[in-house]
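Trainee: Protein chains in written order, with the numbering used here: chain L, 1 to 257; chain D, 258 to 514; chain B, 515 to 771; chain R, 772 to 1028.
Glycine residues also receive a C-beta, built at the ideal position from the N, C-alpha and C atoms.
In this text the structure is predicted, and so the values were computed from the model without any measurement.
There are 4 protein chains.
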Amino acid sequence: MIVDVQGRADTRRIPINRVGIKDLAYPVRVKNGAGEIQSTVATLNMYVNLPESFKGTHMSRFLEILHATSELSLASLPVLLETVTRRLESNDAYIEATFPYFVAKAAPVTGVRSMMDYRVTIVGKRSGDDTELTVRVVVPVTSLCPSSKDISQYGAHNQRSHVTITARIAGEIGIDDIIRIAEVEGSAEVFGILKRADEKYVTEHAYDHPKFVEDLVRDVAIRLNGEPRISGYVVEAENFESIHNHSAYALIEKPVP
Amino acid sequence: MIVDVQGRADTRRIPINRVGIKDLAYPVRVKNGAGEIQSTVATLNMYVNLPESFKGTHMSRFLEILHATSELSLASLPVLLETVTRRLESNDAYIEATFPYFVAKAAPVTGVRSMMDYRVTIVGKRSGDDTELTVRVVVPVTSLCPSSKDISQYGAHNQRSHVTITARIAGEIGIDDIIRIAEVEGSAEVFGILKRADEKYVTEHAYDHPKFVEDLVRDVAIRLNGEPRISGYVVEAENFESIHNHSAYALIEKPVP
Amino acid sequence: MIVDVQGRADTRRIPINRVGIKDLAYPVRVKNGAGEIQSTVATLNMYVNLPESFKGTHMSRFLEILHATSELSLASLPVLLETVTRRLESNDAYIEATFPYFVAKAAPVTGVRSMMDYRVTIVGKRSGDDTELTVRVVVPVTSLCPSSKDISQYGAHNQRSHVTITARIAGEIGIDDIIRIAEVEGSAEVFGILKRADEKYVTEHAYDHPKFVEDLVRDVAIRLNGEPRISGYVVEAENFESIHNHSAYALIEKPVP
Amino acid sequence: MIVDVQGRADTRRIPINRVGIKDLAYPVRVKNGAGEIQSTVATLNMYVNLPESFKGTHMSRFLEILHATSELSLASLPVLLETVTRRLESNDAYIEATFPYFVAKAAPVTGVRSMMDYRVTIVGKRSGDDTELTVRVVVPVTSLCPSSKDISQYGAHNQRSHVTITARIAGEIGIDDIIRIAEVEGSAEVFGILKRADEKYVTEHAYDHPKFVEDLVRDVAIRLNGEPRISGYVVEAENFESIHNHSAYALIEKPVP
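(1) Can you list the residues of chain B that L:Leu-194 reaches, using a CB-CB cut of under 8 Å?
(2) Please return the same chain residues whose Cβ sits closer than 6 Å to the Cβ of L:Pro-27, not counting the five positions on each side in sequence.
(3) Do L:Leu-80 and L:Ile-95 have their CB atoms nearer than 9 Å?
(4) Give me the chain R residues within the contact set of L:Thr-142, using Cβ-Cβ distance strictly less than 8 Å, ordered along the chain.
(5) Relative to the alpha-carbon of D:Phe-282, which residue among D:Phe-356, D:Gly-313, D:Met-316 has its alpha-carbon at the smallest distance?
(6) At the level of alpha carbons, what is the spacing between B:Met-560 and D:Leu-307?
(7) Residues of chain B with CB under 9 Å from L:Thr-40, in chain order?
(8) Output the residue ranges of the alpha helix (DSSP H) runs that lie fully inside the segment 934 to 972 of chain R and measure 4 residues or longer, sorted by chain position.
(9) Please return the same chain residues whose Cβ sits closer than 6 Å to the Cβ of B:Ala-607, not counting the five positions on each side in sequence.
(10) Apart from the five residues on each side of it in sequence, which residues of its chain come closer than 7 Å, Cβ to Cβ, to D:Asn-274?
(11) Measure from the C-beta of B:Arg-601 to each C-beta in chain L and report whether the shortest distance is under 9 Å.
(12) Pick from R:Thr-937, R:Ala-927, R:Ile-993, R:Ile-950: whose alpha carbon is nearest that of B:Ile-528?
(13) In terms of residue numbering, what span does the alpha helix (DSSP H) encompassing D:Arg-383 cover?
(14) Buried or exposed for B:Asn-759, please, with buried defined as at least 16 other CB atoms from any protein chain shown within 10 angstroms of its CB.
(15) Under the rule that 16 or more other beta-carbon atoms within 10 Å means buried, what is B:Thr-656, buried or exposed?
(16) Reducing DSSP to helix, strand and coil, say where L:Ile-222 ends up.
(17) Using the three-state DSSP reduction, which class does D:Leu-337 fall into: helix, strand or coil?
(18) Does B:Gly-746 get closer than 9 Å to chain R when you measure Cβ to Cβ?
(19) Looking at chain B, is there any beta carbon in it that lies within less than 9 Å of the beta carbon of L:Glu-161?
(20) May I ask which residues mark the beginning and end of the alpha helix (DSSP H) holding D:Lys-406?
(21) Got a sec: is the Cβ-Cβ distance from L:Ile-2 to anything in chain B below 9 Å?
(22) On the DSSP letters alone, give me the boundaries of the alpha helix (DSSP H) that B:Ile-530 sits inside.
(23) In angstroms, rounded to a whole number, what distance separates the CA positions of L:Ile-122 and L:Thr-166?
(24) Per the DSSP calculation, D:Leu-307 is bridged to which residue(s)?
(25) Does the Cβ of L:Asp-208 have 16 or more other Cβ atoms within 10 Å, making it buried, or fewer, making it exposed?
(26) Could you check whether the Cβ of R:Thr-881 sits closer than 9 Å to any Cβ belonging to chain L?
(27) Would you check if there are 3 or more beta carbon pairs closer than 8 Å linking the segment 705 to 723 of chain B to the segment 615 to 632 of chain B?
(28) Which residues does DSSP pair with D:Asn-302 in a beta bridge?
(29) Looking at the secondary structure, which residues open and close the beta strand (DSSP E) in which D:Ser-317 lies?
(30) Does DSSP put L:Asp-10 in a helix, in a strand, or in coil?
(31) If the criterion is Cβ atoms closer than 9 Å, does the pair R:Arg-939 and R:Tyr-1004 meet it?
(32) Distance cutoff 9 Å, beta carbons only. Does L:Lys-22 sit that close to anything in chain D?
(33) State buried or exposed for L:Tyr-118, treating a residue as buried only when at least 16 other CB atoms are found within 10 Å of its CB.
(34) Taking CB distances under 9 Å as the criterion, tell me whether D:Asp-374 reaches chain R.
(35) List the endpoints of the continuous beta strand (DSSP E) containing D:Tyr-411.
(36) In the DSSP output, which residue or residues are listed as bridge partners for D:Asn-496?
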């Protein structure tokens, strides 16, 4: 018989907040708010707490649980967290999955369809009988500088920006809905394919809607404040400045009540 | 005269928690606990808060302040934070600098000296008249699996691990001191140059000191608990497992009282 | 009518070797050598040459072609390259797709099945009527240091290593076959799930098969030299040394005749 | 006495093209063309060839050589390469150092000075008695889309771009000179600090100098063709498109005669 070193007693009297596996690449099927399934590849972190009396956790069980999981979504996370606490004999569980998420978008004038990718993270935390769900979406938009527009006779510097929403979920809401909250507040949206008529449209739209990084986070915050399915959030905007080699950045936090 | 768009009034009534510059690469001179100066290159984030009544902050002032700064250290951060709040007319300020930090180490048997690099982050937060200082060090060590050693007739899998300490500073302490707290608790230390006698030493030392990722964080936590100059911390360990393509991970947090 | 700026004449008389789109994230279905389909997410680069007489290429056509592509494989690349040259009216075409690729592996003793991920790149180059196909696989293995084993009374440092094969394809060969050429030459293979009996096996197997980074590339090169479906290659090994904070590295190149 | 496993004979009859250390972080002093010294941090790769008759190389010698090196530059690389071949008893040597490199630039109108960072790589290859030196610089610039400007009633999308020059050195030339070749050919240059008058200038300058990714590489190629101290080159441009979530890319290669 092979000994179980992890199961031995520990005498240091120090409980561990989180222990488990990190940076596991895994093929996943993700369900969106509309119930549609998308195949993608996630990077997963899965942790439990460890009481002071145990020397180690049983790492391979995380992978066995994952192997038996058919799909990942905000709706399925609570069950997965419950399975983890039961199989790992823990009180707390934490699951975090980050994956590229694709949405087919229509170009604004020609309607030509193409894929846009967003980096999405879903996080589930279970502590005792409480479960918290959080979604993070990183949404690329165009931002156009109001100051540059105002002070210049023509033109205005603009750039790709990332608007990141990290939202505590308080009701049934789809990933796509959260992405849209950020996307519509850029100076212009970003697309895969733009034909010439579309490129003219987004260029002029950005020029007509200049926004500082401060405007991006404020305008997204206003929308988030009106969304009852989100109880707290952090919204960040990062402009990869076209005139500098560093970013402009802003953040607004609304704590969960 | 060129208009000051950032200085205009804003009517959305949404204050911004943090706004400023992100991911700025900058050559810095860093002072360690012993007062010695080291030239390195930092990635800097510098933020202030923005009251609801202002449309934007003045980004270029962050760089002007940095341009006039001769060196960066835990000791100099409070002054820099005070300068930022005064020049940006803000209540809060946040400065974060991440840089490679080098320590000349002697090999354990031959004493041959070589450089070891650590990723260090120093963070200063000022809110009103309160200033908090935090240091994060990422310390590479060797970890050797106790289970693998116990169940195998010979050998034991081992790997490079990162022990990360994020410490709230409550007294005068050097970066080197915090690094040592993590470094001495690996199964073995990591070095730049090891001659054959040294390699024999660290190989046998690791085999004599097997540690799970759980052991790493507990043993470092015990040391941190005994350090009065650190009032709260997070300690993490990540093993880049040699037998898997994912990491094992553990975390212990002691909140600041 | 909207003008076609890209289609205008250029007078600088400088042809462009490659022009197109880079770092496009895209969901793809990949076919392996056994004809099975796998859903994954690729990062794509697609280029053509541009004669000196044209000002610009038509970037959106690359995405239109991709949008109409149902699956990606070594077998389908030649057709895709031909489509690109025709639609972009070019002489040359270059397509590069990098994606995580998963293989279900059985643990060595218990036979427990789990997923292993490999980073795979397939490259197709078309120039006139010639088409070249190249595959790159990055294969994680365990390496155990022969010197450390020999000089130590017990134990031996080991670590995760990456063996990378970049192979010019000269016959019908599957991605899995190329992965196996690298994988079997580690000191031990790497797995997703290892039960205790498996962990004992891989630990002892690595100790019984110590290999320097030099041994890894030589032993893989010998196998590649005996593979008629590969006409030329570069094999690299990188050991993420457990006793250092840098890598050991070796490379052997056999040019295509 | 401790055995020298690396020095043993090898019977596989397979020579190794490159073997050594990779991804070593090291503080370096870099000399520019004007003879000025700059402290920075490099990531280093150092390799030699290994004849078929030897089992392994002596990795620690690379670090010992580096430890004794006071500064790194195109001028000092040949001596360093010669030292490596002598100490490692090899025929070939390869040294590659990548580091952030800083230049103090004056803003275009106000003349305010600030630091710009560039990623620079210097590569030295020695084979027998021949030594080749190569420099790569990654230069951030602004690019403004000619098509977007032409088809839109106002505005034009623009973005940060990277122009990368990889140049074989044929005469005494400074890193700064190669950076300038790329920098002046953007739609506008990129700066650390821009006051309002400067921001107006670069915005209008970019609008007055629209360039496709194809224009960037052609215009830089024309300058490189006229530079006798560079005997061959690859010039690349990558636009981090503000209207897409992927890059536009172009490359021109002039082989060394």
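Mentor: So, to answer that:
(1) Ser-574
(2) Val-41
(3) A contact, by the Cβ cut-off of 9 Å.
(4) Listed along chain R, the residues sitting closer than 8 Å to L:Thr-142 by beta-carbon distance are His-928, Ser-1013, Ile-1014.
(5) The question names Phe, but residue 282 of chain D in the sequence shown is Ala. Selected option, being the one with the closest Cα: D:Phe-356.
(6) 44 Å
(7) Pro-541, Ser-553, Thr-554, Val-555
(8) 946 to 954
(9) The residues are Val-562, Leu-595, Val-598, Thr-599, Arg-640.
(10) Asn-306
(11) Interface flag for B:Arg-601 against chain L is unset, since no Cβ pair is found closer than 9 Å.
(12) R:Ile-993
(13) Taken as a continuous stretch (DSSP letters only), D:Arg-383 belongs to no alpha helix (DSSP H), being part of the beta strand (DSSP E) at 370 to 384.
(14) So B:Asn-759 ends up on the buried side.
(15) buried
(16) helix
(17) helix
(18) no
(19) Note that residue 161 of chain L is Ser in the sequence shown here, rather than Glu. No, because no Cβ of chain B sits closer than 9 Å to the Cβ of L:Ser-161.
(20) 403 to 408
(21) Output row for L:Ile-2: interface = yes.
(22) Note, B:Ile-530: premise wrong, no alpha helix (DSSP H); beta strand (DSSP E) at 530 to 545.
(23) Answer to the nearest angstrom: the Cα atoms are 9 Å apart.
(24) D:Ile-273
(25) exposed
(26) no
(27) yes
(28) D:Glu-353
(29) Not the beta strand (DSSP E): D:Ser-317 falls in the alpha helix (DSSP H), residues 317 to 324.
(30) coil
(31) yes
(32) yes
(33) buried
(34) yes
(35) From DSSP, D:Tyr-411 is part of no beta strand (DSSP E); its letter is neither H nor E.
(36) D:Ser-418, D:Ala-505
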